[in-house]
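When you line the sequence shown up against full-length UniProt numbering, it's residues 1 to 105, in that order.
From the three backbone atoms N, C-alpha and C, an ideal C-beta is built for every residue, glycine too.
Only a predicted model underlies this, so the values are computations on that prediction, with no experimental measurement involved.
The structure appears right after this line, and notes come after that.
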Amino acid sequence: MGDKGLGKDLKQVMQRPLVKHSLMNPDMQAEVVDIIIASIDKFTDSKGPNVELATKLIKETLDRQYGPAWHCVIGEGFSFDVTAQEEALLLVFYQGNLSILTFKC
Numbered sequence: 001m002g003d004k005g006l007g008k009d010l011k012q013v014m015q016r017p018l019v020k021h022s023l024m025n026p027d028m029q030a031e032v033v034d035i036i037i038a039s040i041d042k043f044t045d046s047k048g049p050n051v052e053l054a055t056k057l058i059k060e061t062l063d064r065q066y067g068p069a070w071h072c073v074i075g076e077g078f079s080f081d082v083t084a085q086e087e088a089l090l091l092v093f094y095q096g097n098l099s100i101l102t103f104k105c
């Protein structure tokens with residue numbers, strides 16, 4: 001995905017994490033964002049992020065810290081439609097050209 005035509009401000013915003021939607025309390029949300037960033041950073045090399053390994057690490061870490069059953073989707077382009085129960089935990093997160101969806105059900 002090239003950045004041709006993107007304004008300077010938009011490119012700067014895309015480098016910072018952005019939580020678009022969350023049903024988590026602020027402390028949990030901050031911790032989950034930290035887990036996501038650390039997982040993606042851990043599995044990123046000169047070729048880019050290995051989303052399979054990052055997704056697996058995020059899911060396993062969330063299962064361990066908050067109990068099962070967490071789900072995680074990472075990609076550059078996807079849509080989703082998740083029906084969740086009240087008080088379900090859901091986080092939609094963007095960083096750079098990656099979108100990350102985590103939810104527990």
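Cβ-Cβ separation, I74 to A51 (assumed contact under 8 Å), whole Å: A small fix is needed here, since residue 51 is Val in this sequence, not Ala. So it is a contact: roughly 4 Å between Cβ atoms.
Which listed residue (F103, N25 and D27) has its alpha carbon closest to that of residue 112: Residue 112 lies beyond the stretch modelled for the chain, which goes from 1 to 105, so this question has no answer here.
Limits of the unbroken alpha helix (DSSP H) element including S39: For S39, the uninterrupted alpha helix (DSSP H) segment begins and ends at P26 to K42.
Straight-line gap, I100 to V33 (C-alpha atoms, nearest Å): The alpha-carbon atoms of I100 and V33 are separated by roughly 10 Å.
Rounded separation between M1 and Y94 - CA only: Reliability fails at M1, whose pLDDT of 47 lies under 50, so the model's placement of it is uncertain and no value is given.
Nonlocal neighbours in the same chain, by C-beta distance under 6 Å from L57, ignoring five residues either side: Excluding sequence positions up to five before and after L57, its CB lies within less than 6 Å of the CB of S39, all in the same chain and listed in chain order.
Boundaries (first-last residue) of the alpha helix (DSSP H) holding K47: That residue, K47, is in no alpha helix (DSSP H); it is neither H nor E in DSSP.
Limits of the beta strand (DSSP E) - the one that T83 falls within: Per DSSP, T83 belongs to no beta strand (DSSP E) and is neither H nor E.
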